[in-house]
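**Q** In our numbering, the protein residues as written are 2 to 657. Each residue gets a CB set at the ideal place from its N, CA and C atoms; glycine is no exception.
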Amino acid sequence: MASIIKLSVFLLPLLFASLVLAHTNPSNDPNYITDDGNEPCTPGASPPGDGAGPNKDCPNKNKGQGGGGGIPNKDCPNKNKGQGGGGAAPADGKGGAGKGAIYGGNDVKASFFGPPLYQQPPLESKYMGEWKIHNPNAGVSAMQYQLMPNNRAVWFDTTNLGPSALELGPKGNCPPNPDTNNEPDCFAHAVSYDIESGVTTPVYIRTDPWCSSGHLLPNGDLMSTGGNKMGFRSVRILSGNTPTPKFEERENALGANRWYPSNCVLEDGSAVVVGGRDAYSYDLVPPQVDGKTQLFDFPFLKQTTDPPVIQGFYVENNLYPFVFLLPDGNVFIFANDRAIAFDPKTGKTVKEFPPLEGTSRNYPSSGMSALFPLRLSPKFDQPINVEVVVCGGNSHDAINQVDKKYTQNPVFVPANADCNRIKVMADKPVWEKEQDMPTPRTMGDLLQLPNGQFLLINGAKKGCSGWEDGEDPNLTPTVYMPEKEMGKRFKELQPTTIPRMYHSVSSVLPDGKILVAGSNAHQFYTFDGPYYPTELRVEKFSPHYLDPTFDKERPVINFGTDIVLKYGKPFKVTFTMKPDKQLGYGDIIVTLLYPPFTTHGFSQNQRMIILGVEGVDKNVVSAVAPPSGKIAPPGYYLLFVNNRSVPSAGIWVHLD
Numbered sequence: 002m003a004s005i006i007k008l009s010v011f012l013l014p015l016l017f018a019s020l021v022l023a024h025t026n027p028s029n030d031p032n033y034i035t036d037d038g039n040e041p042c043t044p045g046a047s048p049p050g051d052g053a054g055p056n057k058d059c060p061n062k063n064k065g066q067g068g069g070g071g072i073p074n075k076d077c078p079n080k081n082k083g084q085g086g087g088g089a090a091p092a093d094g095k096g097g098a099g100k101g102a103i104y105g106g107n108d109v110k111a112s113f114f115g116p117p118l119y120q121q122p123p124l125e126s127k128y129m130g131e132w133k134i135h136n137p138n139a140g141v142s143a144m145q146y147q148l149m150p151n152n153r154a155v156w157f158d159t160t161n162l163g164p165s166a167l168e169l170g171p172k173g174n175c176p177p178n179p180d181t182n183n184e185p186d187c188f189a190h191a192v193s194y195d196i197e198s199g200v201t202t203p204v205y206i207r208t209d210p211w212c213s214s215g216h217l218l219p220n221g222d223l224m225s226t227g228g229n230k231m232g233f234r235s236v237r238i239l240s241g242n243t244p245t246p247k248f249e250e251r252e253n254a255l256g257a258n259r260w261y262p263s264n265c266v267l268e269d270g271s272a273v274v275v276g277g278r279d280a281y282s283y284d285l286v287p288p289q290v291d292g293k294t295q296l297f298d299f300p301f302l303k304q305t306t307d308p309p310v311i312q313g314f315y316v317e318n319n320l321y322p323f324v325f326l327l328p329d330g331n332v333f334i335f336a337n338d339r340a341i342a343f344d345p346k347t348g349k350t351v352k353e354f355p356p357l358e359g360t361s362r363n364y365p366s367s368g369m370s371a372l373f374p375l376r377l378s379p380k381f382d383q384p385i386n387v388e389v390v391v392c393g394g395n396s397h398d399a400i401n402q403v404d405k406k407y408t409q410n411p412v413f414v415p416a417n418a419d420c421n422r423i424k425v426m427a428d429k430p431v432w433e434k435e436q437d438m439p440t441p442r443t444m445g446d447l448l449q450l451p452n453g454q455f456l457l458i459n460g461a462k463k464g465c466s467g468w469e470d471g472e473d474p475n476l477t478p479t480v481y482m483p484e485k486e487m488g489k490r491f492k493e494l495q496p497t498t499i500p501r502m503y504h505s506v507s508s509v510l511p512d513g514k515i516l517v518a519g520s521n522a523h524q525f526y527t528f529d530g531p532y533y534p535t536e537l538r539v540e541k542f543s544p545h546y547l548d549p550t551f552d553k554e555r556p557v558i559n560f561g562t563d564i565v566l567k568y569g570k571p572f573k574v575t576f577t578m579k580p581d582k583q584l585g586y587g588d589i590i591v592t593l594l595y596p597p598f599t600t601h602g603f604s605q606n607q608r609m610i611i612l613g614v615e616g617v618d619k620n621v622v623s624a625v626a627p628p629s630g631k632i633a634p635p636g637y638y639l640l641f642v643n644n645r646s647v648p649s650a651g652i653w654v655h656l657d
């Protein structure tokens, strides 16, 4: 384990702050987060209180102002830095309603985080980002993608659609391909990519992983599931420690064909592999390649399938469903335009959600979805806000209007620009209309950034998933900041010049940059013709939080930081600042990011935890690991420290 854990260089999120610290839960909303306490207004070591009592250090200047906000106390600058926003209390010291905050007002429920993340407003940047080519020809187009804890990215496409642009090597290494009648195949269909040097190493894969799914195992190995033809029911394992990269494969490990499925890692490291074409079921897969899987019937997938129409082809609109593990151990699934929560151990539906009216959000209409960060309190005594956002997609019949299987007069239907949010653990959850994206997007990625914000990247403005079924590439990455007030939640950054549409991928790297690869809307590798060519260039994008002017504000995590975390146990994070500067409680947050398996616009198992912090002393953070696998499944995470939205370097840690 320790051999895989590697200190990365440079990363971290730009974070936000908003809203006032909650003093009470006015609505008894189970998703509402509050912080307790009544600490003196000394800067640094301890969390702020709830504003309940007078300020004993400055009794005549700051009655009842003990916690919860973002306003520095100008009357008592040395005693109450950044903690004054809880609202001036009346003489009885019961605390105010939090109207003193300089950002966010008193509507705590407008923020999915409840109290603000920082004592002061986060640092803002006008930096629009920067694009650079990292590798001009990686040889294999990236259809499925996973960042590994050894700082290598693994991606693959398919074994049955002809040669790639990379030979397996050494020359003459042409193993038989079972998907082509065992004819010799000298070309790679999977690669291991060094995210720092850009060096590409071929990976041998035998059973076809075309349109498959995957996830990381607790030990850091990659499990790939499903695919096409001989890969329909395959399970493959790739170890990060293998000198010669090669998948270990079992052909008939799954209980049903899994072509276009989604995976969700559960609290014990096992996973559900959900759906696929003509598969109205899911497999429960243990975290071992030789483990026995369990098959469960899942009628919800049949109920959300748009019926077979036109020449016998299926237009499912519920492939690659959006699935997320919930803090109660159940799984949220969104397919087409509907959602439920189910018990993965029984298949029983435990909660139904109202439909999301309008259009379809899953493949081939291909919208985006993510789980908002789960914010924990140090003692785990506060409710956790659990919220899902769904953006983009296209009409239910978008593919019928454009794909050559259905029409000879293609029409590229404009994609959706809307986003919608739902608090999934509420007693009566409802979809809430979010601010529209600046531009429509289908086939894009919605990435969880290290700072708790999101990035919309890749995709098209018209059409849908399918061979040559999209056009008008969306070249502009966009930051999504749900903590801000309505109307200010999206910010467009520097556009790329390379279209990334069907079969493209992206991910956050340990240094905070975004690796972007892939885009192939053709049956074979195609580099000329009237439609967009197969793309083999690999880019890196530096987002807004990597503004060079932030360097002096950027923490650097030290090697003294704990890298093996135990559920519910405290641990230390040490960092330095340049120039030497001491940060206190309220200046920083610590986040854990679970690296997702990304394909077809959905980052499977993407998950962020904002850890409870007990205090900060001389740039040593006392944090508490998540309480259980229901909050954070066991395995490897990237850990970051943020100074008022400015990221530190990220390091790999292991949680169990």
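#1: So the beta strand (DSSP E) Q145 belongs to, where does it begin and stop?
#2: Who are V155's beta bridge partners in DSSP?
#3: Provide the residue span of the alpha helix (DSSP H) that contains I134, from first to last.
#4: Can you pull the DSSP bridge partners for H601?
#5: Are the region 319 to 328 and the region 251 to 270 touching by the rule of at least three beta carbon pairs closer than 8 Å?
#6: Alpha carbon to alpha carbon, how far is G270 from Y532? Give it in angstroms, no decimals.
#7: Can the beta-carbon of F542 be found closer than 8 Å to that of V506?
#8: With DSSP collapsed to three states, give me the class of D180.
#9: Indicate the three-state DSSP secondary structure (helix, strand or coil) for S28 in the structure shown.
#10: Report buried or exposed for N606, applying the criterion of at least 16 other Cβ atoms within 10 angstroms of its Cβ.
#11: Is the Cβ-Cβ distance between T408 and S508 less than 8 Å?
#12: Let me check one thing: in DSSP terms, what residues is Y709 bridge-paired to?
#13: Taking the C-alpha atoms as reference points, what is the distance between T347 and L267?
#14: Mark E249 as exposed unless 16 or more other C-beta atoms lie within 10 angstroms of its C-beta, in which case mark it buried.
#15: By how many angstroms is the C-alpha of L118 removed from the C-alpha of R490?
#16: Report the rounded CA-to-CA distance for R501 versus M231, giving the unit in angstroms.
#17: Flag this pair as touching only if the region 612 to 622 and the region 570 to 578 have three or more C-beta atom pairs under 8 Å; answer yes or no.
#18: With burial defined as no fewer than 16 other Cβ atoms inside 10 Å of the residue's Cβ, what is the status of G651: buried or exposed?
#19: Quick check on DSSP: helix, strand or coil for F354?
#20: For I458, which residues of its own chain have a beta-carbon under 6 Å away from its beta-carbon, when the five flanking residues on both sides are left out?
#21: Please identify the residue among D581, S126, V141 and W653 whose C-alpha is closest to the C-alpha of R538.
#22: Nearest CA to the CA of V387: which residue from E433, L372 and A399?
#23: Following the continuous alpha helix (DSSP H) through I385, name the residue where it begins and the one where it ends.
#24: In the DSSP assignment, the beta strand (DSSP E) including S203 goes from what residue to what residue?
#25: Going by the DSSP bridge assignment, what does W653 pair with across the sheet?
#26: For L587 versus Q120, is the C-beta spacing smaller than 8 Å?
#27: Taking buried to mean at least 16 other C-beta atoms within 10 Å of its own C-beta, is V480 buried or exposed?
#28: Under a three-way DSSP split, which group does P287 fall into?
#29: Is H190 closer than 8 Å to D658 when the C-beta atoms are compared?
#30: Taking all protein chains shown into account, decide if Q583 is buried (16 or more other Cβ within 10 angstroms of its Cβ) or exposed.
#31: Is the beta carbon of L255 less than 8 Å from the beta carbon of D284?
**A** Short version:
#1: Q145 to L148
#2: Q147 and S193
#3: Looking at the DSSP string, I134 is not in any alpha helix (DSSP H); the run it does join, the beta strand (DSSP E), is E131 to N136.
#4: Answer by DSSP bridge pairing: none, since H601 is not bridged.
#5: yes
#6: 42 Å
#7: no
#8: helix
#9: Because the pLDDT at S28 is just 32, under 50, the model does not fix this residue reliably, and the point stays unresolved.
#10: buried
#11: no
#12: Here the chain comprises residues numbered 2 to 657, so residue 709 is not present and cannot be evaluated.
#13: 14 Å
#14: exposed
#15: 16 Å
#16: 28 Å
#17: yes
#18: buried
#19: coil
#20: D446, P478 and S507
#21: V141
#22: L372
#23: Unbroken run through I385: none, as it is neither H nor E.
#24: Residue identity check: residue 203 is Pro in the sequence provided, not Ser. Start and end: T201 to P203.
#25: L639
#26: Strictly speaking, residue 587 in this sequence is Gly, with Leu absent from that position. Yes, these two residues count as a Cβ contact at 8 Å.
#27: buried
#28: coil
#29: There is no way to answer for residue 658, as the model of the chain reaches only from 2 to 657.
#30: exposed
#31: yes
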